[in-house]
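Have a look at the structure below, then the notes.
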Amino acid sequence: KARRAARRRRRWRNAIIGGVLVAGAIAAFVATRPPPRDPSLPLPVAEEVSRGPADAPVTIVEYGDFNCPSCRVYYQQGIIDRVLALYPVEVRYVWRHFPIITPSSPKLAEAAECAADQGAFWEFHDALFDAAPTSAGQMVGFAGRLSLDVDAFSQCFASRGYRDPVRDQMREAFGHGFRGTPSFMINDTPLAGPPSYEYLISVIESQLN
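For this note's numbering, add 1 to where a residue sits in the sequence shown, where the first one is 1.
Below, the structure written as structure tokens:
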């Protein structure tokens, strides 16, 4: 029974991939290539929030900014959700902060980390992209609507305890040669700019094969 289900899933996925790759051949992804990746930098896959299995053979790391219009559009397009639905055991998706767009960007990243302390990073991530808050009060309001411990969240946010970890992730992105958001690493392949669904599928398939 399990084998039949696995075969059906493979057939379904292969049919989708076939259509996607044909479309991708017609409309290739064009992005500005960043400088070559520094091979001494470790791939950021272990310590941060992620979706998908930890032992997935393909890891997609997004370096993003909650105040980045292109990041918001990419989130709204649902491309990562579609990829994870297609590859439930083969792909892991990791978010890394790259808060460079506005002066308030680092604080949004820190607020998301405070939400992560209560197991609500992805819910807060979605709320930030959906509503684009501009004040600390709005972020505390999000925490309340997500049923977080608002006092704990407020204390975490006011303490700026995540300022240095967020800066570390930003330095890491610069170290990979990135200069804008969103930027991506797919295993050890750097991509500057948001990749199309078709292009992501083609890169994932090349990594798997």
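Where is the CB? At the ideal position from N, CA and C, for every residue including glycine.
This structure is a prediction, so every number in the text was calculated from the model and none was measured.
Cα-Cα separation, C69 to L209: If I take the Cα positions, the gap works out to 31 angstroms.
Buried or exposed for P183, going by 16 or more other Cβ atoms inside 10 Å? Burial of P183 is indicated by the presence of at least 16 other C-beta atoms within 10 angstroms of its C-beta.
Nearest to P195 by CA position, among D66, E49 and P107, is which residue? D66
Compute the Euclidean distance between the alpha carbons of D82 and H177, then round it to the nearest angstrom. 25 angstroms
For Y198, three-class secondary structure by DSSP: helix
Using a Cβ-Cβ cutoff of less than 8 angstroms, which residues in the same chain neighbour S105 once the five nearest sequence positions on both sides are dropped? N68 and T135
Pop quiz: F122 and V50 are said to be a contact at Cβ under 8 angstroms. What is the actual Cβ separation, rounded to whole angstroms? 4 angstroms
Measuring straight from C-alpha to C-alpha, what distance separates Y163 and R93? 24 angstroms
Would you kindly work out how many angstroms separate the C-alpha atoms of S203 and A132, rounded to a whole number? 32 angstroms
What residues in its chain sit with their C-beta under 8 angstroms from that of V84, if we drop five residues either side in the sequence? I61, V92, Y94, Y198, L201, I202 and I205
Between which residues of its own chain and A110 is the CB-CB distance below 6 angstroms, once the five residues before and five after are set aside? H98, P100 and V167
Closest Cα partner of A112 within the set F143, A55, S148 and E173: F143
Mind checking whether R146 and A159 have CB atoms under 9 angstroms apart? Between R146 and A159, the CB-CB gap reaches or exceeds 9 angstroms.
S155: first and last residue of the uninterrupted beta strand (DSSP E) it sits in: S155 -> not in any beta strand (DSSP E); alpha helix (DSSP H) instead, spanning V151 to S160.
CA-CA distance, G138 and D118? 19 angstroms
Cβ shell of M186 (< 6 angstroms), same chain only, five flanking positions each side left out: The residues are V62.
According to DSSP, simplified to helix, strand and coil, what is A112? helix
Taking DSSP as the reference, what is the three-state secondary structure of F143? Helix at F143.
Quick one: what's E91 bridged to in DSSP? According to DSSP, which records beta bridges pairwise, E91 is partnered with nothing at all.
Out of G79, C72, A86 and Q77, which one is the CA nearest neighbour of G53? Distance check between G53 and each of G79, C72, A86 and Q77 places A86 closest, using alpha-carbon atoms only.
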